[in-house]
Amino acid sequence: MEIVQLGLEDIDRVFELSNQLENDCLSFDQFKPCYYEIVSLNNHIIYGVKLDEIVGYIHLRLERQLHHASLVVEVLELIIDDKHRSKHFGKRLLDFAVNYSKSIGASHIELTTNVIRERAHHFYIREGFNQTSLKFVRNIRS
Numbered sequence: 051m052e053i054v055q056l057g058l059e060d061i062d063r064v065f066e067l068s069n070q071l072e073n074d075c076l077s078f079d080q081f082k083p084c085y086y087e088i089v090s091l092n093n094h095i096i097y098g099v100k101l102d103e104i105v106g107y108i109h110l111r112l113e114r115q116l117h118h119a120s121l122v123v124e125v126l127e128l129i130i131d132d133k134h135r136s137k138h139f140g141k142r143l144l145d146f147a148v149n150y151s152k153s154i155g156a157s158h159i160e161l162t163t164n165v166i167r168e169r170a171h172h173f174y175i176r177e178g179f180n181q182t183s184l185k186f187v188r189n190i191r192s
């Protein structure tokens, strides 16, 4: 098992895993330009757990936040393939993200998780995260 930075060549696998995360069928035509843009940005990084194939990924955004007056790393996505859950791959990716965040001088690492993902909530609490906020979302697509 190794943790590797993902790139353009990993789009198909990241797309498959993203569909598992949302329990949905995302449009590849919409996903592709979004993925290409994210991979090209300096403040977005995607790391994957690789066995014979990528079995999960974590997407990090690095940004300065005024209310923290410092650099903050946000976990935008963390997904492990259904077939590989409960094997500590999520923990390894999260530990990697925490250590990476410390190494670049971030003051916090934050994440948001869907209210229905109770197993994920327990996982994040067990890994030292505290619930400090509520997130409100408004869909503005026509």
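The sequence shown begins at 51 in the numbering used here and counts up one residue at a time.
No residue lacks a Cβ here, since even glycine has one placed at the ideal position from N, Cα and C.
All of these numbers come straight from a predicted model, not from anything done at the bench.
So the alpha helix (DSSP H) Gln181 belongs to, where does it begin and stop? Here Gln181 belongs to no alpha helix (DSSP H), and DSSP marks it neither H nor E.
List in chain order: all unbroken beta strand (DSSP E) runs of 3+ residues lying wholly within the stretch 85-115. 94-100, 104-115
Specify the secondary structure class of Leu143 as computed by DSSP and reduced to three states. helix
Given 8 Å, three or more beta-carbon pairs between the stretch 122-129 and the stretch 138-155: yes
Below 8 Å on the Cβ atoms is my contact criterion, and I expect Leu116 with Leu128 to pass it. Report the Cβ-Cβ distance as a whole number of Å. 26 Å between Cβ atoms; not a contact.
Could you check which residue in Glu160, Lys82, Phe173, Arg191 has the C-alpha nearest to that of Leu184? Glu160
Given that a residue counts as buried once 16 or more other Cβ atoms are within 10 Å of its Cβ, and exposed if not, what is Phe186? exposed
So, for Gly155: in the same chain, excluding its five sequence neighbours on each side, which residues have a beta-carbon less than 7 Å away from its beta-carbon? Leu121
Status (buried if at least 16 other CB within 10 Å, exposed otherwise) for Val54: exposed
Could you give the residue range of the beta strand (DSSP E) that holds Ser120? 120-130
Beta carbon of Asp60 nearer than 8 Å to that of Ile104: yes
Three-state secondary structure (DSSP) of Leu58: helix
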